[in-house]
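Count along the sequence shown from 1, add 108, and you get the number used in our numbering. Below is one structure, written out as structure tokens, with a few remarks after it.
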Amino acid sequence: MQVATSSGKYSVKHYPDTIQSWKKEGNYFYFYTSATILEIRVISDKIVRFRYAADGQFQRDFSYALSEKLEESPENFDIREWQESFEIYTTAIRVFVARENLRITITDTEGRIINQDETGFHWQYYLQKGGKIVYCTKLIQEGEAFYGLGDKPTDLNLRGKRVENFGTDAYGYAKDTDPLYRNIPFYYGLHNGIGYGIFFDNTFRTLFDFGSEREDASSFWARGGEMNYYFIYGPELLKVAESYARITGTAELPPLWALGYHQCRWSYFPDSRVREIGKEFRQRGIPCDALYLDIDYMDGFRCFTWSPDGFPDPKKLLKDLSDDGFKTVVIIDPGIKVDPDYPIYQELVQKGYACKRADGALMEGDVWPGKCAFPDFTDPKVRDWWAGLFQDLTAYGVRGVWNDMNEPAVFELGTFPEDVRHDYDGENVSHRKAHNVYGHLMSKATAAGLKKHLMPRRPFVITRSAYSGTQRWSSVWTGDNMSTWEHLWLASVQCQRLSVSGLSFAGSDIGGFIGEPSGELYTRWIQLGAFHPLMRTHSASNDTGFDQEPWSFGPEYEAVVKSFIQLRYRLLPYIYTTFWQYAAYGTPMLRPLAFVAQDDPETHDLNHEFLLGDSILISHVSEAGMLEKSVYLPEGNWYYYFNDARYAGKQAVTIPTPLSEMPIFVKAGAVVPQYPDMEWVGQRKVEEMILQVYFGEGITHSILYEDAGDHYAYKTGQYNLVRFKQASEPGLFRLKKKFVGRFEADYRHHRLKIHGLPFRPTSCMVDGVAHELPAEALQAAIVEIQLPRNFEEIILR
Ligand code: MIG
């Protein structure tokens, strides 16, 4: 790779020479070559960090990505010396460091190669900009597939591609556009059934090549900073995801309403239009929880103000909306209008909180408000100040904040020039180093402010730009997509990719942001969106007056759209449980099939099929006029959601796809908890928790997590974790239930709906006592039984 320098002589690559000495300090190992140092830190039996000082000294060990509580558990590790190498070993892996050139080979305890350097660590001087370009190059193993890296709009498997992280306002991006908004320098490798991950924690522009430059080599590099990566062994890909979350942190539980349906537009204006939209939802009985105000709600696009003409009485508006069950989310951009009469601008400049150019001039650039200055979110004082600004918004009743344009985007320039200075928590760096964390830190400050001022309510934040770790405080959406079938496909791969990149709480602008979808496209998109952790329609059809609401395409489409939004609400307990798994363990909510069945190579290149949570498989319809679809089912048995037909896995099956259906399958043995119909979260007390139970032979575990859906009482034990175990056999259905926790749910009973019983039961025992049921109930296709909430076991035979 040649660097854009004026003279070729700068592009010489330097490689480490022989190890001359080494030392061990606790769980840190240091290897010294004549001019460079390699540090290896054992974090756990499966997580090891590599840091390479090409300068012969390490930089400040500081990261915006890391969870504050990165727990080390290095146990039973040590080092052995061999003639050719050093071997650091744990109970799960062996890391070999070649004496000759610091090349790394990592194997499992049986000696199977997990990951191996090709040329390994190397660097180039970057004379024009300063510092070094730092590289690491590895061998691609046979059949290796690569995943991860945030929002790249391309096939899930990145083999053969090169991608780049440099947050960009990618209005109307297309398939393969790169870079996009997010900067997630984390990828997975999968070969021979072995999965691992590499998190390259470097905030400069980073690049990753998976065999595009040279077929058998993968590389990652950064235009500055240090070679600093975490190696994570699985071997299960989902375990790698969980370890990545251990490093970069997990999300907090959102308010339950945030998992409902969101309606957005650029812009609903004025307030009367917002009220109309709200009324339409309620009159038509289409569930909806969140309404968004895009930039026009502000006074001349001044953040933290309200348009006196359009929104003269925001408090009243938000109160009325709230009485109708709507939570209001408002947009806040980073650009602060240069206006001497605008108090926030005055403070920003007087306090010295705005970003400055290298020579001290204010960093000014045009965005929506015209000329703007920009807070330096890399300064902790600025983040505190910013957090404080949310006091008034929350007092008006705002329940969520939407951070846009935070790549950061500037109209004439694209983004900030590289000379712009940033505090970077005391380090004082140029924009080259701070660019990829600007949106990450803006959303961090926003979330901190919202959390503080909404207390005891839970905040909801959605951001466009992100770095590794943003999941700790914000959700994301895929940005300015288009109303095309290709973009529907992209939305699916992007949300899956974000999910395995730590950012599960993601969605796309349903129907497409730019352009006008047909009723069919909108409907197919709603169907997919119903299974994305964040479900939001958004569009930019401001000038054309085109509407993009669930009822905009006529009654035939409206009916299907409504049925899928209703299904979303019925599934809320299941989706919330899946979110809890993500919040507790970092398990991705959307799981590409390669992550569910990594031993089955058929799954490695599947782009448009995924599991939401443990039991629901989705294969969305992504072409116009598609009347049937071939769906690959991984190992196990699967029920087609709409008719309970049962299919064996490890094969492709063809499913009819009338507009009213999309291939949805439920894993045999699963218990899927459901709510009764509701139009918004908190509309009324939940009277029963429905348990959709799918007969499956053998033992299957399912869970239900529940709490108040808001506030923090769950942190002190006010939650229930309900565990189901189905242990059925031919001629016998048996479901056991256990729970821990002390949350008092509103409902008193469960309604079991047992699907797919392969026999006609004649008796029903509940907790050891015969439970009388009318013969018709027992003989029905779906056996329906109401049981007290505290039942522990049911047996049908
Ligand atoms: O330059 O606020 O991605 O969702 O509606 C466009 C107006 C600015 C871009 C966001 C989009 C939002 C729009 N914004």
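Note that the Cβ used here is the ideal one computed from N, Cα and C, for glycine as well.
Terminal residues of the beta strand (DSSP E) in which Glu350 lies: In this chain, Glu350 is not harboured by any beta strand (DSSP E); it is covered by the alpha helix (DSSP H) spanning 345-356.
Proximity to Arg842 [Cα-Cα], best of Cys872, Tyr822, Gly825: Ranking Cys872, Tyr822, Gly825 by Cα distance to Arg842 puts Cys872 first.
Separation of Tyr233 from Gly116, as counted between CA atoms: Per-residue confidence for Gly116 stands at a pLDDT of 49, beneath the threshold of 50, marking its modelled position as unreliable; the derived number appears in the next sentence. Cα-Cα distance, rounded: 11 Å.
Short Cβ contact (8 Å threshold) for Tyr287 with Gly275: Correcting the residue type first, residue 287 is Pro in the shown sequence and not Tyr. Yes.
Own chain, CB closer than 8 Å to Asp407, minus 5 neighbours either side, in chain order: Once the five neighbours on either side are set aside, the close Cβ partners of Asp407 are Thr413, Trp414, Ser415, Pro416.
Pair within 8 Å by beta-carbon distance, Tyr255 and Ala702: Between Tyr255 and Ala702, the gap from beta carbon to beta carbon is short of 8 Å.
Proximity to Thr586 [Cα-Cα], best of Leu679, Ala614, Gly577: Minimum Cα distance to Thr586 is reached at Ala614.
Buried versus exposed call for Pro681 [16 or more other C-beta atoms within 10 Å across all chains shown]: Buried.
Cβ-Cβ distance between Ile148 and Arg207 below 8 Å: Against a cut-off of 8 Å, the Cβ pair of Arg207 and Ile148 comes out as no contact.
Check whether Val242 and Ala325 have beta carbons under 8 Å apart: Contact flag unset, no.
Three-state secondary structure assigned by DSSP to Thr711: The DSSP-derived three-state label of Thr711 is helix.
Trp374 Cβ short of 7 Å to the ligand MIG heavy atom set: Here the distance from the Cβ of Trp374 to the nearest heavy atom of the ligand MIG is below 7 Å.
DSSP state of Ile127 mapped onto helix, strand, coil: The answer is coil: DSSP assigns Ile127 none of H, G, I, E or B.
Asn536 versus Asp484: straight-line alpha-carbon distance, rounded: Distance between the alpha carbons of Asn536 and Asp484 is about 11 Å.
Exposed unless 16 or more other CB atoms sit within 10 angstroms - verdict on Ala553: Around the C-beta of Ala553, 16 or more other C-beta atoms lie within 10 Å, and the residue is accordingly described as buried.
Chain-order list of residues whose beta-carbon lies under 7 Å from that of Gln826 (same chain, five-residue window excluded): Taking Gln826 as the centre and dropping the five residues before and after it, the same chain places the C-beta of Asp815, Ala816, Arg850, Phe851 closer than 7 Å to its C-beta, in chain order.
Rounded C-alpha distance that separates Leu719 from Phe194: Rounded to whole angstroms, Leu719 to Phe194 spans 42 Å at the Cα level.
Straight-line Cα distance separating Trp329 from Ala112: With a pLDDT of only 43 at Ala112, under the threshold of 50, the placement of this residue in the model should not be trusted, and no figure is reported.
Bounding residues of the beta strand (DSSP E) (the contiguous stretch that carries Ser727): Where Ser727 is concerned, the enclosing beta strand (DSSP E) stretches over 724-727.
Asp512 Cβ short of 7 Å to the ligand MIG heavy atom set: The answer is yes for Asp512.
Rounded C-alpha distance that separates Val761 from Tyr755: Distance between the alpha carbons of Val761 and Tyr755: 8 Å.
Uninterrupted beta strand (DSSP E) stretches inside the stretch 242-279 (no shorter than 3 residues): Counting whole runs of 3 or more residues, the stretch 242-279 contains the beta strand (DSSP E) stretches 253-256, 270-273.
Contact test: Gly522 Cβ vs the ligand MG heavy atom, cutoff 7 Å: As for the ligand MG, it is missing from this structure, which binds only the ligand MIG.
Through-space distance from Cys480 to Ser582, alpha-carbon basis: Near 25 Å, if we compare the C-alpha coordinates of Cys480 and Ser582.
First through last residue of the alpha helix (DSSP H) which encompasses Ser600: Start and end: 593-608.
Assigned secondary structure, Leu895 (DSSP; H/G/I helix, E/B strand, else coil): Of the three classes helix, strand and coil, the one that applies to Leu895 here is strand, per DSSP.
Complete runs of the alpha helix (DSSP H) confined to the stretch 623-670 [at least 4 residues]: Listed in chain order, the alpha helix (DSSP H) runs fully inside the stretch 623-670 are 627-637, counting runs of at least 4 residues.
Contact test: Ile403 Cβ vs the ligand MIG heavy atom, cutoff 7 Å: If you check the C-beta of Ile403 against the ligand MIG, you find a heavy atom less than 7 Å away.
Whole-angstrom distance between Gly790 and Lys269, CA atom to CA atom: Each residue's Cα considered, the two are about 46 Å apart.
Extent of the continuous alpha helix (DSSP H) to which Met550 belongs: Counting along the chain, the alpha helix (DSSP H) containing Met550 begins and ends at 546-562.
Residue burial classification, Pro279 (beta-carbon count within 10 angstroms, cutoff 16): Sequence inspection shows Tyr at residue 279; the Pro mentioned does not correspond to that position. By the neighbour-count rule (16 or more Cβ atoms within 10 Å), Tyr279 is not buried but exposed.
Spatial neighbours of Pro422 in its chain, beta-carbon cut-off 6 Å, leaving aside the 5 residues before and after: Correct list, in chain order: Trp414, Tyr504.
Cβ neighbours of Tyr855 in the same chain (closer than 6 Å, five flanking residues each side left out): Same-chain partners within the cutoff: Val794, Glu795, Glu796, Met797.
Beta-carbon proximity check, Glu183 vs Ile151, cutoff 8 Å: No, these two residues do not count as a Cβ contact at 8 Å.
Check whether Leu257 and Phe294 have beta carbons under 8 Å apart: Against a cut-off of 8 Å, the Cβ pair of Phe294 and Leu257 comes out as a contact.
Proximity test, Phe409 beta-carbon vs the ligand MIG heavy atom, cut-off 7 Å: It does not: the Cβ of Phe409 is nowhere closer than 7 Å to a heavy atom of the ligand MIG.
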